[in-house]
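Each residue of the sequence shown is one higher than the last, beginning at 6 in our numbering. Ideal placement from N, C-alpha and C gives every residue a C-beta, glycine not left out.
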Amino acid sequence: CASTVTWTHNGSTQNPIQVGAGTYTATCTNSCGTSISSNSIHIQSGTAPNAPTITADITNICGTQKATLTATGCAGTVTWTHNGSTQNPIQVGAGTYTATCTNSCGTSISSNSIHIQSGTAPNAPTITADITNICGTQKATLTATGCAGTVTWTHNGSTQNPIQVGAGTYTATCTNTCGTSISSNSIQIQSGTAPNAPAITANITSICGNNQATLTATGCAGTVTWTHNGSTQNPIQVGAGTYIATCTNSCGTSISSNSIQIQSGTAPNAPTITADITNICGTQKATLTATGCAGTVTWTHNGSTQNPIQVGAGTYTATCTNSCGTSISSNSIQIQSGTAPNAPTIAADITNICGTQKATLTATGCAGTVTWTHNGSTQNPIQVGAGVYTANCTNTCGISLASNSIQISSGVLPNDLIISVNKTLCCDGEYATLTANLCNGAVTWNTGSEGSVLNISTSGAYTAFCRNACGESSKTIEIILQKVPLPTAPVITSTRNVVCSYEVVAINASLCTVGDLVWSNGATSSTINVGPGIYFAFCENICGKSGNSNTITIGTSPSPVAPVISTNKTVICGVEKATLTAAGCADGTITWSSGLGTGTTKEVGVGTYTATCVNSCGSSAVSNSITISNGPAPAAPVISSNKTTVCGTDKATLTATGCVGGTITWSGGGVGTTKEVGAGTYTATCTTSCGTSGNSNTITIGTSPSPVAPVISTNKTVVCGTDKATLTATGCADGTITWSSGLGTGTTKEVGVGTYTATCVNSCGSSAVSNSITISNGPAPVAPVISSNKSTVCGTDKATLTATGCVGGTITWSGGGVGTTKEVGAGTYTATCTTSCGTSGNSNTITIGTSPSPVAPVISTNKTVVCGTDKATLTATGCVGGTITWSGGGVGPTKEVGAGTYTATCTTSCGTSVNSNTITIGTSPSPVAPVISTNKTVICGVEKATLTATGCADGTITWSSGLGTGTTKEVGVGTYTATCQTACGTSNFSNLIIITNSNSLFRIEGPTQPICQGSSITLTAVGCNSTVTWFNGMVGSSVTFLVTSSGAYGTYSATCGTGSSQTTCDFKEGNITLISRGGSSGSGIITKYLLTSSSKIILQIKDSPTFTNVISGSYNIVAVTYNSNISGLIEGQSLNNIVSSCKSVRELPISVCNSSVSNLCEVSTESIEVSILPAPVAPVISSNKTTVCGTDKATLTATGCVGGTITWSGGGVGTTKEVGAGTYTATCTTSCGTSGNSNTITIGTSPSP
């Protein structure tokens, strides 16, 4: 056309022109008119194929059987991937299969996968049993192996494997898709009963030597096993031991039988005899004891079998007799007689010692062992320190009376002093007090002063020592005293007087040499760092505080703040500059980052900038940040095309994007965002004020080829009646399919019988003819074959019927329903196959039978209530050939359970029964301790109190003290509790109730420490519910009086109540106790309590004043207190024979009679013993000489100051004193005061010869 082309479909004159699918023509117009239409071009469209869906008529084949695979959903050609075949449907053997679909737009992904399996006729399984004998409700477990299919048990049709069974004979078969096997081997399960425990007897139960007993077990219907050695011999002969047996059969082993013990005896050994003593005195007896005899001891001297036995002097043996005979005689023991020892006589080489010096004591006249009473030593002679000493003599007949007494006196070395001081630093006008402690003599100071206290006011070092008759102590450590002056005011200085707000300056204080520096801000070091403020200091010590120092004032300067910076632009291009400006630094200098220097403005290029303000107080924080960046270089544009191929002179349109603010330049020439192009390769660039970008992406426009012949396929090549086949054409991606036989266009066509081809038409022309497909008529369908997975069903259970052999058709089942499988109950079934070519005849017939469903079991329990963790046993019956399952978990015919509600079901191969009957197990609580109460807690005489227990509603009250059971009890004096006992046990003990006699708690309280004669004391009566009458006739709960007694102890009594005794006496016959308060104490101090007759013969000796079995009469109760040693303290001896160098004896006459108080609830008498310290008496002093020569000394000794301190005239303390010529007396000081002067001793002088 040498003019204007006009396209008839839209009137466009654009040439070339881009179009979609359709049929197109054009005309040519010039000044002479318009041409006829051009040739016609048909543009076709196509889509990529979808993956087909493949199905199989069967997935399991047997032998040479084939499965038919069919691919659907492919508008193209189906290709089977296992062999490349395009046949559809296709018959195959075992394997895994997929297919693809191909059309003119390509090949699809693979279809779904189908796996065809092959099988063989099943073999008969092999069955085994875990046990072949069962007992009671026990089950055997059968297991079938070797079956690659479904195991079916022939006795009940169950397919469970393994399976539990009772007694019976069992076989099984194996079924798979290829059929059912012959029966397996046969197994018989037999039943039995558990064995009972046997009863065992012995012909004898005692044997001697190597004799044996015969044991016999009876009542065992099985094998007897003896547990001691595992023997199964019955009867069996045994030696000594304990024996039991069990009975074993195929159902297990019984519990143990009764136990029989066979005892053995041996010929007795000779016993061993011992004596508690081998020497006796007078009528004394020795006790012989025989040991080592497992039989009867016989004493050979008199035939007695008593053991132990008491004997007099003589020689003794014994024998041992048992059932095996009599032993030889034992060892021999001789008992001898002797006489009591006499008291020894003791003497000392010296009787006065000093320091560590020792005296030597020697005891004579003892035909035995000498024992020193002060320490129990038997050494003779013996060395001793100061003290009072006696000895006694011991032989086989006892211990003598104490020897004579010897007293060893000692002088004490002076003690080392300890000096205390009230202060070691003194100010002007003050003095310190030194005190010397622990001096047992006279104190001498290094200043020459004497006395225990020294007052000083001058600096120096001070010591002291203690001097007495035995020498001088070592000097004490030095006590240093210092004089301290009053401090003077310090001087303070500073390095500068003005700081910035964050700075500190050091200030220093000097001239505080005799005290501690204190600043006005509380600091104490000589130099301190401070900020702005006013400061001074002073100096202080223990003597006071100085005046304030000079004052220093520290001022402040302000700190700079961060400036604010701004810019005239943030983006520059090339060598362009931006101007930065800083503000807000009025009194400082702006300093710029990046080394730009100082100043309020700066010309800068690309970068990030900050500034600071600097003044005399430093540099400010950094200002805000400003970033100057380059304008971007243009990016390469992105180009696209509306088509990638053109045909002939056809054009494609290129479009460029992404060149914001720039100009697109195309390769090959031209500018603008679009460009019309023919076949070729194209790029573009973007040009802005910052340059030209690189090339864009590349687009290549190709040319379209002439169309090729399409490929056609069909979903079937055979049709029946009006059935249709679907033809599909592929391979015409950019064109239109045109079918033969006038079928028109399109990629698919529904056709009947005939032969078909197709061509592909596009803008470049029409293709050659495709391949040819012929559709022919098909045959009538054949009857299908049906099978079932089971031949019987249980209740509503179903069997699955499967039909095969209906290729391309539909299975229809008798009784209704379509499809290759059908779930059915009991009945008779057939099927037909229907295709487009008709319906087949009936298939083979299958009959499904029925099995019964399990029934609910019956459950019972051995108890309906449990306690705590106790359990009840549930038992289920009526589940023959099935398994019991319990609610809450667990299987089996029995179950141990706690409290709760329980049911059970029975499960067989036919399913699970409904729930059994329901059993509920309840709980009983553990008993709690009862609460007991009483109507009274105090009773009189034979009166009773009533105890009542509550809080044991469902149990039994059990009382303590053997009172038995019941909610109430009548009781006397005592302590009582109760418990509650139920089926769930016994509770804890209840609360405690104590019943007492009226006035039984009556007692007298008074001083617990000794008091001095002449002091007043107060006694108080406690626990009396009535009137208290005191020994002196006074009435009331307490009494105060003056102690005038001169005895060591005073006993004071009181009566509670208004009753009277029938007979007046101090104590009633029987056991008597004297209540004693106070007593002696201290290291080595011992007190013994004696009961003597009125004539002072010692009847009883006790550690406390309690005496037993005292009959009516007059007595003395005596307290003897002594220091470590004493003699003559022996029952039967006279009180006057007691000897001790340091003792005190206190006596209290008492009367004992067969008295009875008229009413214990009315009258009760108690007493208290008070320790009375006598007023000190003047000591007696003596001297070892009456005259002395020159510097010679006489030794004065003071006696009679028991428990006190001797003070000598002229100074000094202690029982002895070394003196020269002069006249001397002494006094005795105790806690009760100081005695008068002792006798006077005058020591004269003798002239030197």
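Collapsed DSSP secondary structure at Ala347 in the structure displayed | Numbered from its first residue, the sequence shown carries residue 347 at position 342. For clarity, residue 347 is Asn in the given sequence; the question names Ala instead. Three-state result, Asn347: coil.
Could you please give the first and the last residue of the uninterrupted beta strand (DSSP E) stretch that includes Gly584?
-> Position 579 of the sequence shown, counted from the start, is the residue given in the question as residue 584. Reading off the sequence shown, one finds Thr at residue 584, where the question assumed Gly. Unbroken beta strand (DSSP E) run through Thr584: Ala583 to Ala588.
Can you round the beta-carbon distance between Lys290 and Gly317 to whole angstroms, since I take them to be within the 8 Å contact cut?
-> Residue mapping note: residue 290 aligns to position 285 of the sequence shown, counting from 1. Residue mapping note: residue 317 aligns to position 312 of the sequence shown, counting from 1. Yes, they are in contact, since the Cβ atoms of Lys290 and Gly317 sit about 6 Å apart, within 8 Å.
Close-in-space but distant-in-sequence residues of the same chain around Ala126 (CB under 6 Å, 5 per side omitted) = For the purposes of this step, residue 126 is identified with residue 121 of the sequence shown, where counting begins at 1. Excluding sequence neighbours, Ala126 sits near Cys183 and Gly184.
According to DSSP, which residues form a beta bridge with Ser701?
-> In the sequence shown, counting from the first residue as 1, residue 701 sits at position 696. None, per the DSSP bridge assignment.
Decide if the region 52 to 66 is in contact with the region 29 to 36; the criterion is three or more beta carbon pairs, one per stretch, under 8 Å apart.
-> no
Would you please state the rounded distance, in angstroms, between the beta carbons of Cys691 and Pro642? I believe it to be under 8 Å.
-> Counting from one through the sequence shown, the residue named residue 691 turns up at place 686. Counting from one through the sequence shown, the residue named residue 642 turns up at place 637. Between Pro642 and Cys691 the Cβ distance is about 5 Å, and since that is below 8 Å, they are a contact.
Could you pull out every residue in the same chain whose Cβ sits closer than 6 Å to the Cβ of Cys432, ignoring the five residues on either side in sequence?
-> Here residue 432 refers to the residue found at position 427 when the sequence shown is read from its first residue. The residues are Val489 and Cys548.
Inter-residue spacing [alpha-carbon to alpha-carbon] between Ala469 and Cys1017 = One-based indexing of the sequence shown puts residue 469 at position 464. One-based indexing of the sequence shown puts residue 1017 at position 1012. Looking at the two C-alpha atoms, the distance is approximately 37 Å.
Tell me whether the beta-carbon of Val1193 lies closer than 7 Å to the beta-carbon of Ile1246.
-> The residue labelled residue 1193 in the question sits at position 1188 within the sequence shown. The residue labelled residue 1246 in the question sits at position 1241 within the sequence shown. For Val1193 and Ile1246, no; Cβs fall outside 7 Å.
From Ser1086 to Thr1013, what distance separates their C-alpha atoms?
-> The residue given as residue 1086 occupies position 1081 in the sequence shown. The residue given as residue 1013 occupies position 1008 in the sequence shown. For Ser1086, the predicted model reports a pLDDT of 43, less than 50, meaning its position is unreliable; a value from the coordinates is still stated below. C-alpha separation (whole angstroms): 12 Å.
How many Å lie between Thr350 and Ile423 at the Cα?
-> Mapped onto the sequence shown, residue 350 falls at position 345. Mapped onto the sequence shown, residue 423 falls at position 418. Rounded to the nearest angstrom, the two C-alpha atoms are 45 Å apart.
Evaluate Thr1068 with the Cβ neighbour count: other Cβ atoms within 10 Å of its Cβ, from every protein chain shown; 16 or more gives buried, anything less gives exposed.
-> On the sequence shown, position 1063 is the one that residue 1068 refers to. Low confidence applies to Thr1068: its pLDDT is 42, below 50, so where it sits in the model is not reliable enough to give any reading.
For Thr617, which option in Ser645, Ala588 and Gly610 has the closest C-alpha, if you only look at C-alpha atoms?
-> Taking the sequence shown and counting its residues from 1, the one referred to as residue 617 is at position 612. Minimum Cα distance to Thr617 is reached at Ala588.
Quick one: what's got a C-beta closer than 8 Å to Ile998's C-beta in the same chain, skipping five residues either side?
-> Within the sequence shown, residue 998 is the residue found at index 993, counting from 1. Closer than 8 Å at Cβ, skipping near neighbours: Ile937, Ser938, Thr939, Thr942, Leu952, Thr980, Tyr981 and Thr982.
Does the region 99 to 109 come close enough to the region 78 to 91 to have 3 or more Cβ pairs within less than 8 Å?
-> yes
Chain-order list of residues whose beta-carbon lies under 7 Å from that of His233 (same chain, five-residue window excluded) = On the sequence shown, position 228 is the one that residue 233 refers to. These residues qualify, in order along the chain: Gly246 and Tyr248.
Within 10 angstroms of its Cβ, does Pro1154 collect 16 or more other Cβ (buried), or is it exposed?
-> The sequence position of residue 1154 within the sequence shown is 1149, counting from 1. Exposed: under 16 other Cβ atoms inside 10 Å.
Does the Cβ of Ser571 have 16 or more other Cβ atoms within 10 Å, making it buried, or fewer, making it exposed?
-> Start at 1 with the first residue of the sequence shown, and residue 571 comes out as number 566. So Ser571 counts as exposed.
For Leu1134, which of helix, strand or coil comes out of DSSP?
-> The residue you call residue 1134 lines up with position 1129 of the sequence shown. It is coil, neither helix nor strand.
Out of Glu828, Ile461 and Asn445, point me to the one whose CA is closest to Thr452's CA.
-> Taking the first residue of the sequence shown as 1, we reach residue 452 at position 447. Among Glu828, Ile461 and Asn445, the Cα nearest to that of Thr452 is on Ile461.
So, using beta-carbon positions, are Thr4 and Leu486 closer together than 7 Å?
-> Shown here, the chain extends from 6 to 1254; a query on residue 4 therefore has no answer.
Do you know whose CA, among Ala466, Asn445 and Thr376, lies nearest Gln439's CA?
-> In the sequence shown, counting from the first residue as 1, residue 439 sits at position 434. A small fix is needed here, since residue 439 is Leu in this sequence, not Gln. Selected option, being the one with the closest Cα: Ala466.
Compare the C-beta of Leu601 with all C-beta atoms of chain D and state if any pair is closer than 7 Å.
-> In the structure shown, chain D cannot be found, because there is only a single protein chain.
Can you tell me which of the three DSSP states Asn327 falls into?
-> Numbered from its first residue, the sequence shown carries residue 327 at position 322. DSSP places Asn327 in strand when its eight states are reduced to three.
Residue environment, Lys144, which counts as buried when at least 16 other CB atoms sit within 10 Å = Counting from one through the sequence shown, the residue named residue 144 turns up at place 139. Flag for Lys144 reads buried.
According to DSSP, is Leu486 helix, strand or coil?
-> For the purposes of this step, residue 486 is taken as residue 481 along the sequence shown, with counting starting at 1. Note: Leu486 maps to strand in three-state DSSP.
Given Thr1220 as reference, the closest of Ser113, Gly446 and Thr809 once Cα atoms are compared = Sequence index remark: in the sequence shown, residue 1220 carries index 1215 (1-based). Checked all of Ser113, Gly446 and Thr809; the closest Cα to Thr1220 is Gly446.
Does the beta-carbon of Lys574 have 16 or more other beta-carbons within 10 angstroms, so that it is buried, or is it exposed?
-> Taking the sequence shown and counting its residues from 1, the one referred to as residue 574 is at position 569. Its Cβ having fewer than 16 others within 10 Å, Lys574 is exposed.
Contacting residues, own chain, Cβ-Cβ under 7 Å from Glu681 (five flanking each side not counted) = Counted from its first residue, the sequence shown places residue 681 at position 676. These residues qualify, in order along the chain: Lys656 and Thr658.
Which ranges does the beta strand (DSSP E) cover as unbroken runs of at least 3 residues, wholly within the region 636 to 680, from first to last along the chain?
-> 643 to 646, 657 to 662 and 668 to 671
Residue environment, Gly740, which counts as buried when at least 16 other CB atoms sit within 10 Å = Here the question's residue 740 lines up with position 735 in the sequence shown. The residue is buried, with at least 16 neighbouring Cβ atoms inside 10 Å.
Give me the Cβ distance between Gly536 and Ile559, rounded to the nearest whole Å; I'm assuming they're in contact under 8 Å.
-> In the sequence shown, counting from the first residue as 1, residue 536 sits at position 531. In the sequence shown, counting from the first residue as 1, residue 559 sits at position 554. That belief holds up - the Cβ atoms of Gly536 and Ile559 are roughly 7 Å apart, short of 8 Å.
Delimiting residues of the beta strand (DSSP E) encompassing Ile95 | Working through the sequence shown from its first residue, we reach residue 95 at position 90. That run of the beta strand (DSSP E) goes Ile95 to Val97.
Using 8 Å as the Cβ pair cut-off and three pairs as the minimum, do the region 878 to 886 and the region 813 to 824 touch?
-> no
In whole angstroms, what separates the C-alpha of Lys1073 from that of Pro1184?
-> Translated into positions along the sequence shown, residue 1073 becomes position 1068. Translated into positions along the sequence shown, residue 1184 becomes position 1179. Taking the straight line from one Cα to the other gives about 44 Å.
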